[in-house]
Amino acid sequence: EAQVTQNPRYLITVTGKKLTVTCSQNMNHEYMSWYRQDPGLGLRQIYYSMNVEVTDKGDVPEGYKVSRKEKRNFPLILESPSPNQTSLYFCASSLLGQTYGYTFGSGTRLTVV
Amino acid sequence: QKEVEQNSGPLSVPEGAIASLNCTYSDRGSQSFFWYRQYSGKSPELIMFIYSNGDKEDGRFTAQLNKASQYVSLLIRDSQPSDSATYLCAPKGAYSGAGSYQLTFGKGTKLSVIP
Chain B
24 EAQVTQNPRY
34 LITVTGKKLT
44 VTCSQNMNHE
54 YMSWYRQDPG
64 LGLRQIYYSM
74 NVEVTDKGDV
84 PEGYKVSRKE
94 KRNFPLILES
104 PSPNQTSLYF
114 CASSLLGQTY
124 GYTFGSGTRL
134 TVV
Chain Y
10 QKEVEQNSGP
20 LSVPEGAIAS
30 LNCTYSDRGS
40 QSFFWYRQYS
50 GKSPELIMFI
60 YSNGDKEDGR
70 FTAQLNKASQ
80 YVSLLIRDSQ
90 PSDSATYLCA
100 PKGAYSGAGS
110 YQLTFGKGTK
120 LSVIP
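Right under this line is the structure:
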């Protein structure tokens, strides 16, 4: 089944404890992206990647890191999480080109206390 | 800064009625337009895609596009309670460069279909 897999689905952590949210897609998509979604603010892009070893900042990159060492994987790293990073996170992937929308992962609900 | 404007709602319609969801966008270079449906706490799900001016129909859904007016809409006929969700409008940019793969999402319109 074609899908984007995120793990974990739920995570509660403490301020300052490094964490990684994994994202993997099995559709050979070039493009991958991370979003956070907060009430009233909609989907805001954190980072995106056009291909292996090619990443760029989105609208809200502060406090986050990413890497794209393999085409299928695009992990999101929070080196020192803070309570303002409590949010619902989505990974998305797509083929490049006008006719392709994004396929989203199931989401990760992160709470930082 | 690319902007996508949607009425946040909630838009309430009775079961069986037509729900009309509207979206305006600022980037005149936008070529393709996507509509996503998002149930509360779930991930966005692609439901419609349109890139030509005019109407595109898929089952109970019709997308309408007017590039000159920078306006795209989604009509849901015979609305069902299961259609109750937030609908996100997402234009895609120009054919080349960064626009060829970036979607800009509106904040969404919350639709409530009353039985």
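Chain order of the listed sequences is B and Y.
In this text, residue positions in the first sequence follow my numbering: the first is 24, and each later residue adds one.
In this text, residue positions in the second sequence follow my numbering: the first is 10, and each later residue adds one.
The beta-carbon is built from N, C-alpha and C at its ideal position, and this holds for glycine as well.
Model, not experiment: these values are computed from the prediction.
Buried or exposed (CB count within 10 angstroms, at least 16 for buried), residue i
{"i": "Y/T118", "result": "buried"}
{"i": "Y/L112", "result": "buried"}
{"i": "B/L20", "result": "There is no way to answer for residue 20 of chain B, as the model of chain B reaches only from 24 to 136."}
{"i": "B/M50", "result": "exposed"}
{"i": "Y/A94", "result": "buried"}
{"i": "B/L134", "result": "It is Thr, not Leu, that sits at residue 134 of chain B in the sequence shown. The residue in question, B/T134, is exposed, as its Cβ has fewer than 16 Cβ neighbours within 10 Å."}
{"i": "B/V77", "result": "exposed"}
{"i": "B/Y33", "result": "exposed"}
The beta strand (DSSP E) enclosing residue i, as first and last residue numbers
{"i": "Y/T71", "result": "70 to 75"}
{"i": "B/T8", "result": "No answer is possible for residue 8 of chain B: the residues shown for chain B start at 24 and end at 136."}
{"i": "Y/Y34", "result": "28 to 34"}
{"i": "B/Q48", "result": "42 to 48"}
{"i": "Y/E66", "result": "63 to 67"}
{"i": "B/Q29", "result": "27 to 30"}
{"i": "B/L111", "result": "110 to 117"}
{"i": "Y/S21", "result": "20 to 23"}
{"i": "Y/E54", "result": "54 to 59"}
{"i": "Y/V3", "result": "Nothing about residue 3 of chain Y can be read from this structure; chain Y reaches only from 10 to 124."}
{"i": "Y/K51", "result": "No beta strand (DSSP E) holds Y/K51; DSSP gives it neither H nor E."}
Residues bridged to residue i (per DSSP)
{"i": "Y/P100", "result": "Y/F42"}
{"i": "B/V37", "result": "Partner(s): none; B/V37 has no beta bridge."}
{"i": "Y/S91", "result": "According to DSSP, which records beta bridges pairwise, Y/S91 is partnered with nothing at all."}
{"i": "B/R67", "result": "B/R59"}
{"i": "B/R77", "result": "Inspection of the sequence shows that residue 77 of chain B is occupied by Val rather than by Arg. B/V77 is bridged to B/N74."}
{"i": "B/V89", "result": "B/L99"}
{"i": "Y/E14", "result": "Y/T33"}
{"i": "Y/S121", "result": "Y/S21"}
{"i": "Y/P47", "result": "It should be pointed out that residue 47 of chain Y corresponds to Gln in this sequence rather than to Pro. Answer is Y/T95."}
{"i": "B/T126", "result": "B/S116"}
{"i": "B/Y54", "result": "B/S117"}
Reference residue i, options the options, closest by Cα
{"i": "B/K88", "options": "B/Y58, B/F127, B/V37, B/I35", "result": "B/Y58"}
{"i": "B/V27", "options": "B/L34, B/K40, B/I35, B/C46", "result": "B/C46"}
{"i": "Y/Y48", "options": "Y/T113, Y/D92, Y/I123, Y/L112", "result": "Y/D92"}
{"i": "B/G130", "options": "B/R95, B/L99, B/D79, B/V83", "result": "B/L99"}
{"i": "B/P104", "options": "B/D82, B/D79, B/V37", "result": "B/V37"}
{"i": "B/L101", "options": "B/E93, B/R95, B/S110", "result": "B/S110"}
{"i": "Y/E66", "options": "Y/R86, Y/R37, Y/G115", "result": "Y/R86"}
{"i": "Y/G115", "options": "Y/S121, Y/A99, Y/P124", "result": "Y/A99"}
{"i": "B/Y54", "options": "B/L64, B/Q121, B/D82, B/I35", "result": "B/Q121"}
{"i": "B/R132", "options": "Y/S88, Y/V122, Y/S52, Y/L84", "result": "Y/S52"}
Amino acids of chain D, ordered along the chain, whose beta-carbon sits closer than 9 angstroms to that of residue i
{"i": "Y/K116", "result": "Absence of chain D from the displayed structure is noted, the protein chains being B and Y."}
Members of the stretch 61 to 82 of chain B that neighbour chain Y once the beta carbon cut-off is set at 7 angstroms = G65, L66, M73
Q: Using a Cβ-Cβ cut-off of less than 8 angstroms, give me the residues of the stretch 35 to 69 of chain Y that come near chain B, in sequence order.
A: Q40, S41, F43, Y45, G50, K51, S52, P53, E54, L55, F58, Y60
Beta carbons nearer than 8 angstroms to chain Y: which residues of the stretch 24 to 43 of chain B have them? none
Contact set between the stretch 92 to 126 of chain B and chain Y, restricted to residues whose Cβ is under 7 angstroms from the partner:
F113, S117, L119, G120, Q121, T122, G124, Y125
| said: Give me the subset of the stretch 72 to 96 of chain Y whose CB atoms are less than 8 angstroms from a CB atom of chain B, sorted by chain position. | reply: none
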